[in-house]
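Numbering-wise, the sequence shown is residues 6 to 318 according to the numbering used here.
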Amino acid sequence: MKLGIEIGGTKLQLGVGHGDGTEFVALERRDVDLSRGGEGIRQQICAVGRSLIEQHEIERIGIGFGGPVFGSRGIVQKSHQVTGWDNFPLVTWCEEELGRPTRLGNDCDCAALAEAKFGAGRGMRTVFYITVGTGIGGGLVIDGQVHGTDRPAAAEIGHLRLSRKPGPDVEGVAAGPAITIALQRLLSEMRPSDPEQVAQRDLLNRCHGDPMGLTTKLIGAAAADGNLLAKRVYGEAAQSLGWAISQMITLIAPDIVVIGGGVSLVGDEIFFQPLRAAVDQYSFGPLRGATNIVPASLGESVVVQGALALARG
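Now the structure itself:
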């Protein structure tokens, strides 16, 4: 039996399983208290992890960490959300505290591994996974192995630059917060004579008259209901992400691109159709249409599934 641990900026999940894609034997979730930093999370891991190890015959541990890691060295580089993780030797700490051999990966890499082995990319030789949420991350799995675990970073598609000139990267225009900011700016620039007043009123009703109350979730719901302004900002985000995916396909030519994360959950018409169209628009001719682009299938437990697979080896 294996223990998979997901360490995020808002949640901590620990799951027990075989690491073969079958159902969890046990799954525990805890909220992260940012005021307690990394030390608070480590205390939670000790409490819950020791209990799970006592209840189940845990042989190995895998960890998916929400931030850059040196996976082959077992070291967390840092967390962008939680203090107390800079250059932290997480594998050594875990082996000392929980007494089991441990492997470490980035959370997106773990999600990529799970989707490649058990999810939407199952049976494919090369799988590129993208998560589109608060940020945009990527992971590349080749022949069932995560690429780049010995490098400071790999497959970071969200940090491709859109221009040689100073400006945002793909994450800065296509992630959830960027979509929200783009729509807030659009609303602030509208004039009474603009033809999309119905869409504007609909959005303002959804946020009780305060554009700063808009969230990506509200915008996604509005887009799914046909709101033209919401669909416009989603379409613009899809254009930029589609450009990035086309560049990646030109270099790697993966068999499949699997996309998860909250921004992608608005469905095919709002997100995937314009995204695929943008990829086709920018793709290198011989590779146009050669890579399927599909939704992720494993849900919010995907990182824990990947951590279990990492532990399994």
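From the three backbone atoms N, C-alpha and C, an ideal C-beta is built for every residue, glycine too.
GLN150 - DSSP class collapsed to helix/strand/coil: Of the three classes helix, strand and coil, the one that applies to GLN150 here is strand, per DSSP.
GLU176 burial status per 10 Å Cβ neighbour count (16 or more: buried): buried
Beta-carbon proximity of SER269 to VAL178, cut-off 8 Å: no
7 Å CB neighbourhood of LEU292 in its chain, flanking five on each side removed: ILE254, THR255, ALA258
Option in ALA121, TRP248, GLN310, VAL146 with minimal Cα separation from LEU165: TRP248
Nearest-angstrom beta carbon gap, ARG65 and ARG105 [assumed within contact, 8 Å]: 6 Å
Assigned secondary structure, ILE63 (DSSP; H/G/I helix, E/B strand, else coil): coil
ARG108, DSSP secondary structure in three states: strand
Exposed unless 16 or more other CB atoms sit within 10 angstroms - verdict on ARG190: Exposed, by the Cβ-count rule.
Cα-Cα separation, GLY43 to VAL81: Just so you know, the alpha carbons of GLY43 and VAL81 end up roughly 11 Å apart.
Closest Cα partner of PHE276 within the set VAL96, TYR287, ALA180: ALA180
Test item: CB-CB of SER302 and ALA125 under 8 Å: yes
Exposed unless 16 or more other CB atoms sit within 10 angstroms - verdict on ARG196: exposed
Contact between the stretch 48-56 and the stretch 9-20 (3+ Cβ pairs under 8 Å): yes
Nonlocal neighbours in the same chain, by C-beta distance under 8 Å from THR221, ignoring five residues either side: GLY181, PRO182, ILE184, THR185, GLY267, VAL268
Nearest-angstrom Cα separation, counted from THR15 out to THR139: 12 Å
Buried or exposed by the 16-neighbour rule on C-beta atoms within 10 Å, applied to ASP155: exposed
Counterpart residues of TYR134 in DSSP-defined beta bridges: GLY144, VAL263
Pair within 8 Å by beta-carbon distance, ILE68 and ILE147: no
Any non-hydrogen atom of the ligand SAM closer than 7 Å to LEU313 Cβ: This structure lacks the ligand SAM, and indeed carries no ligand of any kind.
Local conformation of LYS7 per DSSP, three classes: strand
GLN286 - DSSP class collapsed to helix/strand/coil: It is helical.
C-alpha gap between ARG281 and GLY231, whole angstroms: 19 Å
Residue range of the beta strand (DSSP E) that includes ASP36: 31-36
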